[in-house]
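Below: the structure, in structure tokens.
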Ligand SMILES: Nc1ncnc2c1ncn2[C@@H]1O[C@H](COP(=O)(O)OP(=O)(O)O)[C@@H](O)[C@H]1O
Ligand SMILES: [Mg+2]
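Chains as they are written, first to last, in this note's numbering: chain A, 59 to 172; chain B, 51 to 190.
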């Protein structure tokens with residue numbers, strides 16, 4: 059699924075990476091604990107999280123995650139966004155809560171990785 | 051690679067927002083060197099967890115990365131409080147991290163198990179009140 063489609067489904071704001079929305083992302087992981095994300099490193103291309111700090115971007119970087127979705131209308135600070143920009147990571151923000159965000163994407167065919 | 055390459059990083063203990071900069075730097079170096087992606091990912095995750103541990107548990111330290119043609123050797127040394135019971139510390143879910151660290155997304159007690167999982171060989175030497183040295187190898 060393209061990130062553009064995901065953005066539409068979630069009615070999300072594109073905080074970063076408008077030019078990268080045609081990239082494909084097939085596997086999703088959601089957590090607020092970064093070590094849990096790091097424990098399942100295979101094939102995740104999207105990270106859904108309610109945590110908003112620079113370590114979210116670092117974690118995404120270590121795993122080559124191409125898109126971070128911040129839920130519950132939380133917005134990362136300028137420094138965190140700058141880091142994501144340098145790493146060409148798409149950043150979306152949705153007002154949906156974590157459960158709803160995951161549910162919408164699952165219902166539309168996205169799955170967790172292996 | 052004919053010669054072994056060594057990089058050394060000083061990790062500051064008082065700036066959580068900067069934790070991971072060294073791991074990020076190593077990751078891009080390995081990419082430039084054309085190292086296999088799977089190996090890069092293992093090194094990046096293992097080193098990042100170790101770097102975070104240094105910052106949240108040991109007030110910083112030093113990380114040495116030695117790259118040879120068939121192995122990446124990491125040494126993470128700190129002069130922090132040390133680990134009293136290493137076996138316990140290695141258990142999934144075991145953490146002494148305060149609530150404040152948990153609210154930052156770490157302190158789930160998965161760091162050391164992740165380091166073990168992603169490295170081909172890992173040793174921990176620790177003396178309470180003196181410090182901790184973790185070594186890891188990732189074979190290429
Ligand atoms: N460098 C270190 N210095 C002192 N204690 C450490 C260090 N690394 C790990 N520990 C101890 O081992 C525990 C488990 O570490 P880890 O698995 O990374 O989980 P977490 O960092 O989430 O607590 C820590 O909570 C801490 O008590
Ligand atoms: Mg840890």
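Cβ atoms here follow ideal geometry from the backbone N, Cα and C, with glycine treated the same way.
It should be emphasised that the depicted structure is a prediction, and the values quoted were computed from it without experimental measurement.
Exercise. Would the beta-carbon of residue 94 (chain B) fall within 7 Å of that of residue 73 (chain B)?
Worked result: yes
Exercise. How would you call residue 77 (chain B), buried or exposed, if buried means at least 16 neighbouring beta carbons within 10 angstroms?
Worked result: buried
Exercise. According to the Cβ coordinates, are residue 171 (chain B) and residue 187 (chain B) closer than 7 Å?
Worked result: yes
Exercise. Of the residues A:123, A:83, A:108 and A:84, which one's Cα is nearest the Cα of residue 91 (chain B)?
Worked result: A:123
Exercise. What residue range is occupied by the uninterrupted alpha helix (DSSP H) comprising residue 91 (chain B)?
Worked result: 87 to 107
Exercise. In chain A, which residues lie less than 8 Å from residue 124 (chain B) when you measure between Cβ atoms?
Worked result: Going along chain A, no residue has its Cβ under 8 Å from residue 124 (chain B), so there is no contact; the nearest lies around 14 Å.
Exercise. Using the rule of at least 16 other Cβ atoms within 10 Å of the residue's Cβ for burial, across every protein chain shown, is residue 107 (chain B) buried or exposed?
Worked result: buried
Problem set entry | Option in B:132, B:84 and B:146 with minimal Cα separation from residue 179 (chain B) | B:132
Problem set entry | Residue nearest to residue 134 (chain A) in terms of C-alpha spacing, selected from A:155, A:95 and A:151 | A:151
Problem set entry | Interface partners of residue 112 (chain A) on chain B, CB under 9 Å | 66, 67, 68, 69 and 70
Problem set entry | Under 5 Å, CB to nearest heavy atom of ligand 2: contacting residues | B:103 and B:161
Problem set entry | Proximity winner among A:68, A:94, A:87 and A:84, relative to residue 143 (chain B) (alpha-carbon distances) | A:94
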